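*Asks:* Below is the structure I would like to discuss, written out as structure tokens.
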Amino acid sequence: MLKIPTLILVFLLVVCNSFVGFSQKKWTLKECVSQALSHNISVKQQQSAIESVKMDVEIAKGNFLPNLGFENSHRSTFGLSSGVNGVNTSQDRYVTNFGLATSGTIFNGFRNLNTKKQAVLAVKSNDLELAKIENDISLNVVNAYLNVLFAKENLAVAKAQILISKQQFKNITIKFDAGAVAKGAVLNAESTVANDVQKLVTQENTLNFALLSLAQLLQVSSDAFDIATINIENPSKILLYDSAKEVFTKAVANRPEIQKALLNIENETLAIKKAKGAYLPMLTYSANTSTSYFTVFGEPDVLLQRNPVTNTVTSIPNGFSTQLENNVSYMLALSLNIPIFNRFQTKNNIAKAFINKQQREFVLEREKLQLEQEIARSFLDAKAAAKSFEASEVSLSAQKEALKNAQTRYDYGAITQVDFDQIHNRFVNAKSAMIRAKYDYIFKTKVLKFYFGESIVD
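In the working numbering, the protein residues as written are 1 to 458.
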């Protein structure tokens, strides 16, 4: 006869030994979160978006610099052309020009400055969006990881249950062979074993699906995928925080979605300043220097210079380098544009910018309200989970005592196999309920830590 101390010992041994894994890699929670963050498509996409807006900052900085360009043109003309005395002569001529030009903005109503500030804010905003994505992924991974641990503990319970059922079947068979019990008791024990095998298969499938879900989050193969065993002691039923308001106050200061909403309002404030800048005058400058070279094909590059005293003509060399040096010209220009009337475009743009800012303020209030409601629900969920976990422990303790008493009565023949199985099933169900309540409570306390800004991986 299997005595109750031995029964419980076997149950506990199977629960513990069921966590002995295979030789393949066992993923820790930190490794799972790190893997998910480094391979998630949304994270990579957001990182690419950050690089893009960083280039916008460089582009905005470039608006403060002048333009500088080099120009070179060549022109050839062939055929008749009008000469000095109005007589058409046949000349083939060639002209080349060289120029260096620059232009820039001296003042444009601070629009370049505000554009740069907006670009910097865009980088910060995208960084916060990345943080939000990473937070959500981390929470999903933690949830999936806890689901695997939950499934493993349930599987351990199922394995312990089937081992005990088989031992009970063996004992009943011995009694039947000795003529102590009827055939029906053997059939009932055999049916119990079959039901427990079915429950074992169900728990194995549940564990496999939990592992598959976690592997998919990590984007790794689910073949031979497993996680490291964590010995999670029964957590304290005392909540980490006194009230939902305490969590909300902390969350408002550090949650990326709130910080992003604040940056969006600041961005719209800069947009208003940019729009108002159109009322101010714009001052720009431009400058260039140029030179040229001219020649007639077939004729030397010379200048004919007549001496008024001797009335003689002297040929002065006028080659390429000489002409480039002598033909240099310079230009500097300032341009002032004072806006007077532009069909109310500036006025309407300013009004629209104020509306956009108001919309962003509404978004901030909505985000705060949504966050406050989520935290309030999460806090109540955590409190309810704590009470449920505490009640499940009391229930399990009571069912354990009931099983102990039932074993004694069964050994003396005071109850049937069916009655004993019912009591034992209630014990197993209480054990499963306690496990479920424990992991539900653990996850919901991690959700509160998530909102509070504490690590949920440790």
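We put the CB at the ideal spot given by N, CA and C, even for glycine.
Since we're looking at a predicted model, the values are computed, not measured.
1. Leaving aside the five residues before and after Ile50 along the sequence, list all residues of the same chain whose C-beta is less than 8 Å from its C-beta, in chain order.
2. In the DSSP assignment, find the beta strand (DSSP E) that holds Asn348 and state where it starts and stops.
3. Let's test the definition: count the other Cβ atoms within 10 Å of the Cβ of Arg360 and tell me whether it reaches 16, buried, or not, exposed.
4. Among Thr115, Glu31, Gln24, whose alpha-carbon lies nearest the alpha-carbon of Phe64?
5. If you follow the beta strand (DSSP E) that Ser52 is in, where does it begin and where does it stop?
6. For His74, is the classification buried or exposed, using 16 other Cβ atoms within 10 angstroms of its Cβ as the cut-off for buried?
7. Would you check if the distance between the CB atom of Gly109 and the CB atom of Pro281 is smaller than 9 Å?
8. For Asp177, decide whether its Cβ has a neighbour in chain B, counting only Cβ atoms nearer than 9 Å.
9. Grab me the residues of Asp56's own chain with a C-beta within less than 7 Å of its C-beta, minus the 5 sequence neighbours each way, in chain order.
10. Using 9 Å as the threshold, is the C-beta distance between Ala228 and Trp27 below it?
11. Check this for me: beta carbons of Ile155 and Leu207, under 9 Å apart or not?
12. Less than 9 Å between the C-beta atoms of Ala353 and Glu268, yes or no?
13. Answer yes if the segment 241-259 comes into contact with the segment 98-109, meaning at least three C-beta pairs across the two stretches below 8 Å, and no otherwise.
14. In angstroms, rounded to a whole number, what distance separates the CA positions of Lys166 and Asp177?
15. Mind checking Lys225: buried by the 16 CB within 10 Å criterion, or exposed?
16. Can you tell me which of Leu324, Val457, Glu365 puts its alpha carbon nearest to the alpha carbon of Thr291?
17. With contact counted as at least three CB pairs below 8 Å, one residue from each stretch, are the segment 255-267 and the segment 365-374 in contact?
18. Pop quiz: Leu29 and Ala144 are said to be a contact at Cβ under 8 Å. What is the actual Cβ separation, rounded to whole angstroms?
19. Which class does Ala271 belong to by DSSP, given the choice of helix, strand or coil?
20. Taking 9 Å as the cut-off, decide whether the C-beta atoms of Leu146 and Tyr439 are in contact.
21. I need the DSSP call for Arg306, collapsed to helix, strand or coil.
22. Provide the residue span of the beta strand (DSSP E) that contains Arg441, from first to last.
23. Is the separation between the beta-carbon of Asn135 and that of Phe98 shorter than 9 Å?
24. With DSSP run on the structure shown, which of helix, strand or coil describes Ala228?
25. When DSSP labels each residue in this structure, what does Tyr241 get in the three-state scheme?
26. Between Ser52 and the rest of its own chain, which residues show a CB-CB distance below 7 Å, the 5 nearest in sequence each way excluded?
27. Would you mind giving the Cβ-Cβ distance between Asp196 and Ile230, rounded to the nearest angstrom? I have them listed as a contact below 8 Å.
28. Considering only residues of the segment 279-336, which uninterrupted beta strand (DSSP E) runs meet the minimum length of 3 residues and lie entirely inside it, listed in chain order?
29. Which residue from Lys54, Ser38, Ile41, Tyr94 puts its Cα closest to that of Tyr293?
30. Spatial neighbours of Phe150 within its chain, please: C-beta separation below 6 Å, excluding the five flanking residues on both sides.
31. Report back the beta-carbon spacing between Asn349 and Ala278 to the nearest angstrom; my notes put them in contact at under 8 Å.
32. Determine contact between the segment 395-410 and the segment 429-439, defined as no fewer than three beta-carbon pairs at a distance below 8 Å.
33. Is it buried or exposed, Ser23, if we count other Cβ atoms within 10 angstroms and call 16 or more buried?
34. Is the beta carbon of Leu403 less than 9 Å from the beta carbon of Ile423?
35. Does the segment 441-448 come within contact of the segment 377-394, defined as at least 3 CB pairs closer than 8 Å?
36. Alpha carbon to alpha carbon, how far is Val43 from Gln358?
*Replies:* Reading off the structure:
1. The residue labelled residue 50 in the question sits at position 50 within the sequence shown. These residues qualify, in order along the chain: Val123, Asn126, Asp127, Leu130.
2. Translated into the one-based positions of the sequence shown, residue 348 becomes position 348. That residue, Asn348, is in no beta strand (DSSP E); its alpha helix (DSSP H) goes 345-411.
3. Taking the sequence shown and counting its residues from 1, the one referred to as residue 360 is at position 360. The residue is buried, with at least 16 neighbouring Cβ atoms inside 10 Å.
4. For the purposes of this step, residue 64 is identified with residue 64 of the sequence shown, where counting begins at 1. Looking at the Cα atoms, Thr115 is the closest of the given residues.
5. The sequence position of residue 52 within the sequence shown is 52, counting from 1. Ser52 -> not in any beta strand (DSSP E); alpha helix (DSSP H) instead, spanning 41-62.
6. The sequence position of residue 74 within the sequence shown is 74, counting from 1. Classification for His74: exposed.
7. As a working note, residue 109 is residue 109 in the sequence shown. As a working note, residue 281 is residue 281 in the sequence shown. Against a cut-off of 9 Å, the Cβ pair of Pro281 and Gly109 comes out as a contact.
8. Among the chains in the structure shown there is no chain B, since it carries only a single protein chain.
9. The sequence position of residue 56 within the sequence shown is 56, counting from 1. Contacts found: Ala119, Ala122.
10. Stepping through the sequence shown from its first residue, residue 228 is reached at position 228. Stepping through the sequence shown from its first residue, residue 27 is reached at position 27. Cβ distance < 9 Å, so Ala228 and Trp27 count as in contact.
11. The residue given as residue 155 occupies position 155 in the sequence shown. The residue given as residue 207 occupies position 207 in the sequence shown. For clarity, residue 155 is Leu in the given sequence; the question names Ile instead. Yes.
12. Here the question's residue 353 lines up with position 353 in the sequence shown. Here the question's residue 268 lines up with position 268 in the sequence shown. The answer is yes: Cβ separation under 9 Å.
13. no
14. Position 166 of the sequence shown, counting from 1, holds the residue named residue 166. Position 177 of the sequence shown, counting from 1, holds the residue named residue 177. Their backbone Cα atoms lie some 16 Å apart in a straight line.
15. Against the sequence shown, residue 225 aligns to sequence position 225. Per the sequence shown, the amino acid found at residue 225 is Phe instead of Lys. Label assigned to Phe225: buried.
16. The residue you call residue 291 lines up with position 291 of the sequence shown. Answer by Cα proximity: Leu324.
17. yes
18. Walking along the sequence shown from the start, residue 29 turns up at place 29. Walking along the sequence shown from the start, residue 144 turns up at place 144. Incorrect: roughly 10 Å between the Cβ atoms, too far for contact.
19. Sequence index remark: in the sequence shown, residue 271 carries index 271 (1-based). In this structure, Ala271 counts as helix in the three-state DSSP scheme.
20. Locating residue 146 in the sequence shown gives position 146, where the first residue counts as 1. Locating residue 439 in the sequence shown gives position 439, where the first residue counts as 1. Their beta carbons are under 9 Å apart, which means Leu146 touches Tyr439 by this criterion.
21. Within the sequence shown, the letter at position 306 stands for residue 306. Arg306 falls in the strand class under three-state DSSP.
22. Within the sequence shown, residue 441 is the residue found at index 441, counting from 1. The amino acid occupying residue 441 in the given sequence is Tyr; Arg does not appear at that position. Here Tyr441 belongs to no beta strand (DSSP E); instead the alpha helix (DSSP H) covers 417-452.
23. Within the sequence shown, numbered from 1, the residue matching residue 135 stands at position 135. Within the sequence shown, numbered from 1, the residue matching residue 98 stands at position 98. In this structure, Phe98 does not lie closer than 9 Å to Asn135 by Cβ.
24. Counting from one through the sequence shown, the residue named residue 228 turns up at place 228. Note: Ala228 maps to coil in three-state DSSP.
25. For the purposes of this step, residue 241 is taken as the residue at position 241 of the sequence shown. If DSSP states are grouped into helix, strand and coil, Tyr241 belongs with coil.
26. For the purposes of this step, residue 52 is taken as the residue at position 52 of the sequence shown. Closer than 7 Å at the Cβ level, and outside the excluded window around Ser52, lies no residue.
27. As a position in the sequence shown, residue 196 is number 196, starting the count at 1. As a position in the sequence shown, residue 230 is number 230, starting the count at 1. About 27 Å separates the two Cβ atoms, so there is no contact after all.
28. 282-296, 302-307, 312-317
29. Counted from its first residue, the sequence shown places residue 293 at position 293. Ranking the options by Cα distance to Tyr293, first place goes to Tyr94.
30. Counting from 1 along the sequence shown, the entry for residue 150 is found at position 150. Counting only Cβ-Cβ distances below 6 Å, and skipping sequence neighbours, we find Tyr439.
31. By one-based count along the sequence shown, residue 349 stands at place 349. By one-based count along the sequence shown, residue 278 stands at place 278. Right, the Cβ-Cβ distance comes to about 7 Å (below 8 Å), so this counts as a contact.
32. yes
33. Taking the sequence shown and counting its residues from 1, the one referred to as residue 23 is at position 23. A caution first: Ser23 carries a pLDDT of 49, below 50, which makes its placement in the model unreliable, though a value can still be read off. Per the 10 Å Cβ criterion, exposed.
34. Numbered from its first residue, the sequence shown carries residue 403 at position 403. Numbered from its first residue, the sequence shown carries residue 423 at position 423. It is a contact, given that the beta carbons lie within the stated cut-off.
35. yes
36. To locate residue 43, count along the sequence shown from 1; it is residue 43. To locate residue 358, count along the sequence shown from 1; it is residue 358. Cα to Cα, Val43 sits roughly 30 Å from Gln358.
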